[in-house]
Amino acid sequence: MNEGTAGAAGRVLVVDDDPTVSEVVAGYLERAGFTVERADDGPSALEAAARCRPDLVVLDLMLPGMDGLEVCRRLRAGGAGARTLPVVMLTARGDEEDRILGLEVGADDYVTKPFSPRELVLRVRSVLRRASAAAPAGEPLLAAAGLAVDPVARRATRNGLELALTLREFDLLVYFLRHVGQVCDRELLMREVWGWDFGDLSTVTVHVRRLRAKIEEDPADPQLIRTVWGAGYRFDAVPDAPAGTEVRAAVTRTEGGRV
Numbered sequence: 005m006n007e008g009t010a011g012a013a014g015r016v017l018v019v020d021d022d023p024t025v026s027e028v029v030a031g032y033l034e035r036a037g038f039t040v041e042r043a044d045d046g047p048s049a050l051e052a053a054a055r056c057r058p059d060l061v062v063l064d065l066m067l068p069g070m071d072g073l074e075v076c077r078r079l080r081a082g083g084a085g086a087r088t089l090p091v092v093m094l095t096a097r098g099d100e101e102d103r104i105l106g107l108e109v110g111a112d113d114y115v116t117k118p119f120s121p122r123e124l125v126l127r128v129r130s131v132l133r134r135a136s137a138a139a140p141a142g143e144p145l146l147a148a149a150g151l152a153v154d155p156v157a158r159r160a161t162r163n164g165l166e167l168a169l170t171l172r173e174f175d176l177l178v179y180f181l182r183h184v185g186q187v188c189d190r191e192l193l194m195r196e197v198w199g200w201d202f203g204d205l206s207t208v209t210v211h212v213r214r215l216r217a218k219i220e221e222d223p224a225d226p227q228l229i230r231t232v233w234g235a236g237y238r239f240d241a242v243p244d245a246p247a248g249t250e251v252r253a254a255v256t257r258t259e260g261g262r263v
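Dropping the structure here:
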């Protein structure tokens with residue numbers, strides 16, 4: 005969590021052009037212990053994110069001028085910290101295409117309007133809890149098929165080049181590397197990676213597709229994350245030799261670069 009949020013659950017930026025929705029959401033989050041900043045359009049959201057450095061953004065999809073998808077894209081393009089900034093998308097439509105678009109640009113979760121403010125607070129807490137969960141001290145590095153991942157430093161490389169992974173993509177990759185050769189269905193991945201016992205399973209599907217695009221030689225013909233039809237996914241790469249100094253160097257040689 006950012007400095008200055010001591011005594012609070014974290015700092016949340018709420019972006020919605022409907023003042024009633026914005027006020028209600030902000031009120032529930034503040035009563036839950038969060039420090040809340042508000043913005044009512046895309047440009048002011050980007051300015052507020054740069055100024056207050058939130059721990060999470062609650063972002064409406066339908067904004068005037070610059071929609072939530074473009075705001076999310078620009079947030080994700082803003083550097084190392086921005087790439088891991090959790091985003092919960094709000095949408096007034098139940099259309100699956102809108103939800104998938106939000107996930108495709110890097111949103112970690114979505115809530116469809118009308119929604120329960122209490123449910124939104126629970127989703128925000130869940131995303132932040134996963135974002136701040138630290139790997140056990142001394143946890144070994146993970147390596148397979150040219151991938152080198154340090155769960156403690158939250159850094160990953162492929163063939164020595166640092167990967168630009170979102171929060172969920174990184175956690176998903178770590179889970180696969182810890183369970184090489186095991187079939188993982190979407191319900192299991194949602195529970196273990198997202199920490200949810202229920203939810204839209206297309207969230208998992210979209211994140212697997214995004215992760216494949218970053219680690220596979222040919223995402224259209226994946227050789228690492230394979231689909232096991234009717235059962236789930238299986239990470240097929242054989243783990244590399246136990247991680248030593250050469251693997252740690254591969255993970256850390258781009259210290260200060262993007263994640």
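No gaps in the numbering here: position 34 of the sequence shown is 38 in the working numbering, and each next residue is one more. Note that CB positions come from ideal geometry on N, CA and C, so glycine has one too.
Per DSSP, F119 lies in no alpha helix (DSSP H) and is assigned neither H nor E. If the five residues before and after G236 are omitted, its C-beta is found closer than 8 Å to the C-beta atoms of V187, C188, D189, R190, L192, L193, all from its own chain and listed in chain order.
Residues of the same chain with a CB within less than 8 Å of the CB of R127, apart from the 5 flanking positions on each side, are V92, D113, V115 in chain order. Judged by their CB atoms, W233 and R134 are not nearer to each other than the 8 Å cut-off. With 16 or more neighbouring CB atoms inside 10 Å of its own CB, S26 falls in the buried class. Between G185 and D225, the CB-CB gap reaches or exceeds 8 Å. Looking from the CA of T95, the closest CA among R78, V62, R230, D201 belongs to V62.
Per DSSP, the unbroken beta strand (DSSP E) holding G14 starts and ends at 14 to 19. For a cut-off of 8 Å, the C-beta gap from A36 to A13 is around 6 Å, short enough to register as a contact. Boundaries of the beta strand (DSSP E) harbouring T39: 38 to 43, taken from the DSSP string. A straight line joining the alpha-carbon of S48 with that of L33 spans about 20 Å. G69 sits away from G106, with the two beta carbons spaced by 8 Å or more. DSSP places L63 within a strand segment (E or B) once states are collapsed to three.
When secondary structure is reduced to three states using DSSP, T207 falls in the helix class. When the beta-carbon positions are compared, D64 and G72 come within less than 8 Å of each other. The beta carbon of L132 is closer than 7 Å to those of G14, D59, L60, P90 in its chain, skipping five residues each way along the sequence. Considering only R214, A157, E101, D204, the residue with the shortest C-alpha distance to L176 is R214.
V109 carries a coil assignment under DSSP once its states are collapsed to helix, strand and coil. Under the three-state reduction of DSSP output, V156 falls in the coil class, being neither helix nor strand.
The C-alpha of S206 is placed about 23 Å away from the C-alpha of R78. Approximately 5 Å separates the beta-carbon atoms of V18 and R42; this is inside 8 Å, confirming the contact.
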